[in-house]
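Trainee: Take a look at this one; I'll ask things after.
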Amino acid sequence: GKLVYQSTKKRASGPKCPVTGKRIQGIPHLRPAEYKRSRLSRNRRTVNRAYGGVLSGGAVRERIIRAFLVEEQKIVKKVLKIQKAKEKQAGKS
């Protein structure tokens with residue numbers, strides 16, 4: 019028969035979350051070139067979520083909670099400022 023040299027490809031580790039460093043679930047472990055448009059359909063490349071396929075679910079949850087708390091803090095500050103202004107007005111008159 020004919021001898022044919024077969025080069026073995028490196029094992030794919032799959033995409034990792036840059037924040038937590040964990041593997042992103044629901045996405046196949048492929049080499050980077052294999053994630054291109056022609057090889058893999060969009061629904062197999064991503065996860066249906068904000069930052070889907072880039073950040074892990076825990077990291078996204080953390081970001082959403084942090085953003086919510088920051089907004090809440092802004093509202094609290096505004097309310098306190100208004101209350102102080104009212105107290106000053108009451109003190110003057």
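Heads up: the sequence shown at position 32 corresponds to 50 in this note's numbering, and the numbers run straight through without jumps. Every residue, glycine too, gets a C-beta built ideally from N, C-alpha and C. Bear in mind that the values here come from a model prediction, so they are computed numbers and not experimental data.
Taking the beta carbon of S74 as the centre, do at least 16 other beta carbons fall within 10 Å, making it buried, or is it exposed?
Mentor: As a working note, residue 74 is residue 56 in the sequence shown. Burial call: buried.
Trainee: Assuming V37 and A68 are in contact, meaning their beta carbons sit under 8 Å apart, how far apart are those beta carbons, in whole angstroms?
Mentor: For the purposes of this step, residue 37 is taken as the residue at position 19 of the sequence shown. For the purposes of this step, residue 68 is taken as the residue at position 50 of the sequence shown. Not a contact, Cβ separation roughly 13 Å.
Trainee: Output the boundary residues of the alpha helix (DSSP H) element that contains N144.
Mentor: Missing from the structure shown is residue 144; the chain here goes from 19 to 111 and no further.
Trainee: On the three-state DSSP scale, how would you describe K106?
Mentor: The residue you call residue 106 lines up with position 88 of the sequence shown. In the structure shown, K106 sits in a helix (DSSP, three-state: H, G or I).
Trainee: From the DSSP output, read off the bridge partner residues of K34.
Mentor: As a working mapping, residue 34 is identified with position 16 in the sequence shown. DSSP output for K34 lists R41 as bridge partner(s).
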